[in-house]
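**Q** Would you mind keeping the following structure in view while I ask a few things?
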Amino acid sequence: MKHPLLENRTRLLIWWLAWLILGAGQSLLIHFVYGSRLEVAIADGLVSMIIFGLLGLAIWFPVRFLLKDDNQLYVNIFNVLLTGTFTLTIWLVGSRFITRLMVSEKVDYDIFWHSVLVFRATAGILIFFMLLLIYYLFLSATRLAEKAARQSQLETQVREGELKMLRSQINPHFLFNSLNSVSSLTVTNPLKAREMIVKLSDFMRYSLSSRNEQPVTLGTEMESLRLYLQIEKVRFGERLMIEEEISPDCLPALMPGMLLQPLYENAVKHGVYESTGEVIIKTTARKEDELVKITVTNNVDTDSVVTRKGAGIGLRNVSSRLELFFGDRADLTVNRKDDSFTVELKFPFRKS
1 MKHPLLENRT RLLIWWLAWL ILGAGQSLLI HFVYGSRLEV AIADGLVSMI IFGLLGLAIW
61 FPVRFLLKDD NQLYVNIFNV LLTGTFTLTI WLVGSRFITR LMVSEKVDYD IFWHSVLVFR
121 ATAGILIFFM LLLIYYLFLS ATRLAEKAAR QSQLETQVRE GELKMLRSQI NPHFLFNSLN
181 SVSSLTVTNP LKAREMIVKL SDFMRYSLSS RNEQPVTLGT EMESLRLYLQ IEKVRFGERL
241 MIEEEISPDC LPALMPGMLL QPLYENAVKH GVYESTGEVI IKTTARKEDE LVKITVTNNV
301 DTDSVVTRKG AGIGLRNVSS RLELFFGDRA DLTVNRKDDS FTVELKFPFR KS
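Oh and the sequence shown: position 301 is 301 in the working numbering, straight run, nothing missing.
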């Protein structure tokens, strides 16, 4: 931790201006109240305050290195008394010695100096403890700020770790489903299996390139999701229909990468897979009052709505990632109807 005054020229200038003003005030007091000659008053006042200004700068170091919160109380008290005694001794002896070299009437100055010694020592003690308190408060505030910064950094690291954990649950799940599909197609339709492998390769390349947990735009997210849906369309053909209503002003919105994938996995698994007819997966996205609202809807057979097994894990992952990324300003709601299943996301609109 750097010296709070020496590292800042403005603070240092104010520091010395304050001591010069105190020195001028002391000189006027000595001249008009005690009747000392102007030469003696100026020399005594300025020398005294300049020396205390130098010592005041040095007081920071014992405060910084000797006064610690984990010390025993008596240790800190001893360090304060030792520092104070050393500071006052150097100040009194040093200022008297230098001032005597500057004045011509040394005997008169010695008489004056002894007459105000008690008052001067008392003032020095008060100034010392005032500086000690200022330094200690500054040091405590700085340590608290550093502790808060470390805590914030730790929370960020924990959050990133949780995000990576959730991502690790998503990608293997999708890969497992896709490889199962490829395995089936290699028997029934090898050409479609090859097409699906190519698309899967492109999708996984994107997925791996975005594993650093940096936010992506909604536009980028939708491009990856179209790849995913194309992979599934190879498998399901005309049974899977895709509709989009994406407002252009939503596309720059930042969000966690691969956030929406579990929603589409659920729509395919519990919509297309469990239905014998055509299933439409419809995505809408629009901006409402600085919030991005995204809905993913798919129609389902009535019987499949009752037991939608496996949807909970994916939705919990999405909800957790929303909360980690946006805090309590994000929201995920699920709306089940007899013939449809809708997931709605809301989160703050942010741009890079």
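Cβ atoms here follow ideal geometry from the backbone N, Cα and C, with glycine treated the same way.
Looking only at its own chain, which residues have a Cβ that is under 6 Å from the Cβ of residue 245, when we skip the five neighbours before and after it?
**A** Numbered from its first residue, the sequence shown carries residue 245 at position 245. Same-chain partners within the cutoff: 284.
**Q** Identify whether residue 307 lies in helix, strand or coil by the three-state DSSP scheme.
**A** Here residue 307 refers to the residue found at position 307 when the sequence shown is read from its first residue. Here the model assigns residue 307 a pLDDT of 47, short of 50, so the residue's position is not dependable, and the following value carries that caveat. Here residue 307 sits in coil by DSSP.
**Q** When we look at the beta-carbon of residue 5 and count the other beta-carbons within 10 Å, is it buried (16 or more) or exposed?
**A** In the sequence shown, residue 5 corresponds to position 5, counting from 1. Answer is buried; the Cβ neighbour count reaches 16.
**Q** Does the stretch 72-85 come into contact with the stretch 95-109, if we say contact requires no fewer than three beta-carbon pairs (one atom in each stretch) closer than 8 Å?
**A** No contact exists between the stretch 72-85 and the stretch 95-109.
**Q** Leaving aside the five residues before and after residue 250 along the sequence, list all residues of the same chain whose C-beta is less than 7 Å from its C-beta, in chain order.
**A** The residue labelled residue 250 in the question sits at position 250 within the sequence shown. Result list for residue 250: 218, 285, 286, 287, 292, in chain order.
**Q** When you compare only the Cα positions, how much space is there between residue 261 and residue 145?
**A** Mapped onto the sequence shown, residue 261 falls at position 261. Mapped onto the sequence shown, residue 145 falls at position 145. Taking the straight line joining both Cα atoms gives about 39 Å.
**Q** Would you kindly work out how many angstroms separate the C-alpha atoms of residue 94 and residue 57, rounded to a whole number?
**A** By 1-based counting over the sequence shown, the position of residue 94 is 94. By 1-based counting over the sequence shown, the position of residue 57 is 57. Whole-angstrom Cα-Cα distance: 16 Å.
**Q** For residue 26, count neighbouring C-beta atoms within 10 Å of its own C-beta (all shown protein chains included) and say buried if the count is 16 or more, exposed if not.
**A** Within the sequence shown, the letter at position 26 stands for residue 26. Buried is the call here.
**Q** Per DSSP, residue 239 is paired with what?
**A** Position 239 of the sequence shown, counted from the first residue, corresponds to residue 239. According to DSSP, which records beta bridges pairwise, residue 239 is partnered with nothing at all.
**Q** Leaving aside the five residues before and after residue 131 along the sequence, list all residues of the same chain whose C-beta is less than 7 Å from its C-beta, in chain order.
**A** On the sequence shown, position 131 is the one that residue 131 refers to. Hits under 7 Å: 56, 59.
**Q** Please state if the CB of residue 125 and the CB of residue 82 are separated by a distance shorter than 8 Å.
**A** Sequence index remark: in the sequence shown, residue 82 carries index 82 (1-based). Sequence index remark: in the sequence shown, residue 125 carries index 125 (1-based). No.
**Q** State the beta-bridge partners of residue 62 as determined by DSSP.
**A** Position 62 of the sequence shown holds residue 62. Residue 62 is not bridged to any residue.
**Q** May I have the straight-line CA-CA distance separating residue 115 from residue 52, to the nearest angstrom?
**A** What you label residue 115 is simply residue 115 of the sequence shown in a count that begins at 1. What you label residue 52 is simply residue 52 of the sequence shown in a count that begins at 1. Cα-Cα distance, rounded: 20 Å.
**Q** If we ignore side chains and look at the alpha-carbon of each, how far apart do residue 318 and residue 10 end up?
**A** Walking along the sequence shown from the start, residue 318 turns up at place 318. Walking along the sequence shown from the start, residue 10 turns up at place 10. Those two C-alpha atoms are separated by around 51 Å.
**Q** Quick check on the burial criterion: 16 or more other C-beta atoms within 10 angstroms. Buried or exposed for residue 183?
**A** Within the sequence shown, the letter at position 183 stands for residue 183. Exposed: under 16 other Cβ atoms inside 10 Å.
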